[in-house]
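Going by my numbering, the first residue of the sequence shown is number 596, and it counts up by one from there.
Glycine included, each C-beta is placed from N, C-alpha and C at the ideal position.
This report refers to the structure that appears directly beneath it.
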Amino acid sequence: MQSLLLKIISIPLILLLCTFWFESVTFNKPLPFFIITIILAPIAVLMEYVFLPRLSFWSVFAADFIVSYILVYAISSLMSGAYVTLWGTFLIALTFTLVELLIHRQIVADQMRHSYN
Numbered sequence: 596m597q598s599l600l601l602k603i604i605s606i607p608l609i610l611l612l613c614t615f616w617f618e619s620v621t622f623n624k625p626l627p628f629f630i631i632t633i634i635l636a637p638i639a640v641l642m643e644y645v646f647l648p649r650l651s652f653w654s655v656f657a658a659d660f661i662v663s664y665i666l667v668y669a670i671s672s673l674m675s676g677a678y679v680t681l682w683g684t685f686l687i688a689l690t691f692t693l694v695e696l697l698i699h700r701q702i703v704a705d706q707m708r709h710s711y712n
């Protein structure tokens, strides 16, 4: 549940920061923020529960990047008010994946801590 809450908070912040940092990312309306968050957050949590125990850490990292890249590009292509180039999508996916890296490290550390108690 913490992971979902972190994603619901971090995804719009990542999109907002990328809008300010990169010229290739423009969101003129708030709706794309919500749509991307509503779709990407549960998928990312599901991927954590399915892939994190089974795959290597870096495989999950790559899967997060690929899924976030495809979803952000597809959603921003379909939404009016969202103008994101391929390079902008790459930067958003990379930023999201780096945040996911921190979340995954915390999840793995918590699991290791609980398994030794």
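Taking only three categories from DSSP, how would you classify residue i?
{"i": "N692", "result": "Position check: residue 692 holds Thr in this sequence, whereas Asn was assumed. The answer is helix: DSSP assigns T692 an H, G or I state."}
{"i": "T632", "result": "helix"}
{"i": "F617", "result": "coil"}
In chain order, what residues of the same chain have a beta carbon less than 7 Å from the beta carbon of residue i, not counting five sequence neighbours either side?
{"i": "A623", "result": "Strictly speaking, residue 623 in this sequence is Asn, with Ala absent from that position. Counting only Cβ-Cβ distances below 7 Å, and skipping sequence neighbours, we find G676."}
{"i": "L601", "result": "I698"}
{"i": "Y664", "result": "T684, F685, A688"}
{"i": "T680", "result": "S619"}
Please report the Cβ distance between residue i and residue j, rounded to the nearest whole angstrom; I am assuming they are in contact, meaning their Cβ atoms lie under 8 Å.
{"i": "L635", "j": "L666", "result": "5 Å"}
{"i": "I574", "j": "I670", "result": "The question about residue 574 has no answer here: the residues shown for the chain are numbered 596 through 712."}
Looking only at its chain, what residues have a beta carbon closer than 6 Å to the beta carbon of residue i, apart from the 5 residues adjacent to it on each side?
{"i": "F691", "result": "I609, S663"}
{"i": "W682", "result": "S619"}
{"i": "A639", "result": "K602"}
{"i": "F660", "result": "A688, T692"}
Skipping 5 residues on each side, what residues in its chain have a beta carbon closer than 8 Å to that of residue i?
{"i": "L647", "result": "V655, H699, I702, V703"}
Those runs of the alpha helix (DSSP H) which lie wholly inside the segment 651-684 and span at least 4 residues: If we require 4 residues or more, the alpha helix (DSSP H) runs fully inside the segment 651-684 come out as 652-673.
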